[in-house]
Structures are given as structure tokens and as C-alpha cells.
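Q: Residue numbers (this note's numbering): 1 to 178. Every residue, glycine too, gets a C-beta built ideally from N, C-alpha and C.
#1: Run the CB neighbour count on residue 154, radius 10 Å, all protein chains shown included, and call it buried at 16 or more, exposed below.
#2: Could you give the DSSP three-state label for residue 141: helix, strand or coil?
#3: Taking residue 136 as the reference, give the member of 144, 130, 129 with the closest Cα.
#4: Cα separation between residue 56 and residue 20?
#5: DSSP puts residue 158 in a beta bridge; with which residues?
#6: Do you know offhand how far residue 44's Cα is from residue 101's?
#7: Quick check on this structure: which residue in 166, 39, 95 has the alpha carbon closest to the alpha carbon of residue 9?
#8: My guess is that residue 34 and residue 81 are in contact by the Cβ rule of under 8 Å, so how many angstroms apart are they, rounded?
#9: Here's the rule I'm using: 16 or more other beta-carbon atoms within 10 Å means buried, otherwise exposed. How should residue 179 be labelled?
#10: Tell me the residue span of the alpha helix (DSSP H) that contains residue 11.
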């Protein structure tokens with residue numbers, strides 16, 4: 001079965017720390033999680049993540065939001081999608097069926113963020129590939145054709161995963177016509 005996924009992460013040239021992951025399965029199932037134990041203090045100081053990624057995460061709403069300090073993340077840590085990485089690892093392991101094909105856009109860092117849910121690459125659960133197929137490479141192979149634009153949700157891992165499926169379907173149609 002094919003799986004399209006995306007991660008949002010903090011990277012500093014030495015580490016890639018998962019913030020969120022979205023996965024769309026070929027059979028229509030979807031998975032989304034935000035790491036409650038992400039390095040939130042470091043994320044708070046990262047201007048790009050604060051502008052582009054943090055607003056796409058589950059946010060505190062209503063009166064609770066009005067009482068937050070200006071530099072607070074606003075992330076709703078009580079939201080059911082927000083959970084520890086150990087739980088995310090177990091849920092992802094159960095979500096991904098045997099013999100998967102993983103697909104991502106510029107997927108190298110996404111694969112590292114995914115694999116590190118279980119620690120070193122050698123600890124990947126049985127059935128989880130040690131690689132991700134890269135949609136950007138497939139696009140290049142097909143001559144960089146124009147692809148559908150993502151209508152909304154950019155930098156929300158689940159919305160991006162959904163759009164990766166759209167990109168892949170467009171690339172497959174182009175490949176069939178070639």
C-alpha cells in the first residue's frame with residue numbers, strides 16, 4: 001500500500017526534531033499527530049517555525065487564548081492529536097501496513113524525522129522501509145511539469161500529506177501519457 005506523508009520539524013544542522021506528522025494511506029485512512037515532547041523552547045525562538053508551522057498546529061481557542069502571553073505558542077496541548085513521540089511511534093507502526101511504499105516531497109529529512117521515532121535507523125520496526133520515495137525526484141525525472149497548487153494548509157503536516165497524494169496522482173497521469 002502507498003502512503004504519502006509529511007513532517008514538520010526543527011532542524012539545526014545536527015538534529016531533526018519532529019514537531020508533527022501527517023500520513024495519508026492509499027485506502028483513505030489518515031493519521032495526524034503533534035509531538036507533545038518536541039523541543040518547544042527552541043521552537044519558540046525559531047522565527048520561521050513560529051510564523052509558518054506553529055499556527056497550523058491545534059490551537060487554543062476562546063477565552064483561554066485571550067489570556068496567553070504574547071510570545072506563547074498557543075498550541076493546545078490538550079488536543080487529542082498532541083501526544084508523546086513514544087505513542088506517535090506506536091500509532092504510526094500500527095497505521096502503516098506491511099509492504100508499504102512511502103512517498104514524500106523532498107522526503108530526505110521527512111524520512112529521518114519518521115525513522116527517529118524509533119531511535120537509530122537500525123531500530124525501524126519490521127516492515128517500515130529504510131527509505132522514502134521522493135516525489136520531487138519523480139517530478140524532475142518527468143521534466144518538471146507543472147503540478148496542482150496546494151489550496152490551503154501549507155505547513156500543516158496532514159494537509160501537506162494530502163497534497164503529496166494529489167501531486168503523486170498528477171505525476172502518475174503525466175507518466176502514463178509519456
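A: This is what the structure holds:
#1: In the chain shown, counting from the first residue as 1, residue 154 sits at position 154. Residue environment analysis places residue 154 among the exposed positions, since fewer than 16 neighbouring C-beta atoms fall within 10 angstroms of its C-beta.
#2: Working through the chain shown from its first residue, we reach residue 141 at position 141. Residue state, collapsed to three classes: helix.
#3: Along the chain shown, one-based indexing puts residue 136 at 136. Checking every option, the nearest Cα to that of residue 136 belongs to 144.
#4: Locating residue 56 in the chain shown gives position 56, where the first residue counts as 1. Locating residue 20 in the chain shown gives position 20, where the first residue counts as 1. Computed Cα separation, rounded: 10 Å.
#5: For the purposes of this step, residue 158 is taken as residue 158 along the chain shown, with counting starting at 1. Answer by DSSP bridge pairing: none, since residue 158 is not bridged.
#6: For this step, residue 44 is matched to residue 44 along the chain shown. For this step, residue 101 is matched to residue 101 along the chain shown. Rounded to whole angstroms, residue 44 to residue 101 spans 34 Å at the Cα level.
#7: Position 9 of the chain shown, counted from the first residue, corresponds to residue 9. The shortest Cα separation from residue 9 among 166, 39, 95 belongs to 39.
#8: Position 34 of the chain shown, counted from the first residue, corresponds to residue 34. Position 81 of the chain shown, counted from the first residue, corresponds to residue 81. Between residue 81 and residue 34 the Cβ distance is about 5 Å, and since that is below 8 Å, they are a contact.
#9: One cannot answer for residue 179 here, as it falls past the ends of the chain, which runs 1 to 178.
#10: Working through the chain shown from its first residue, we reach residue 11 at position 11. Counting along the chain, residue 11 falls outside any alpha helix (DSSP H), though it belongs to the beta strand (DSSP E) covering 2-11.
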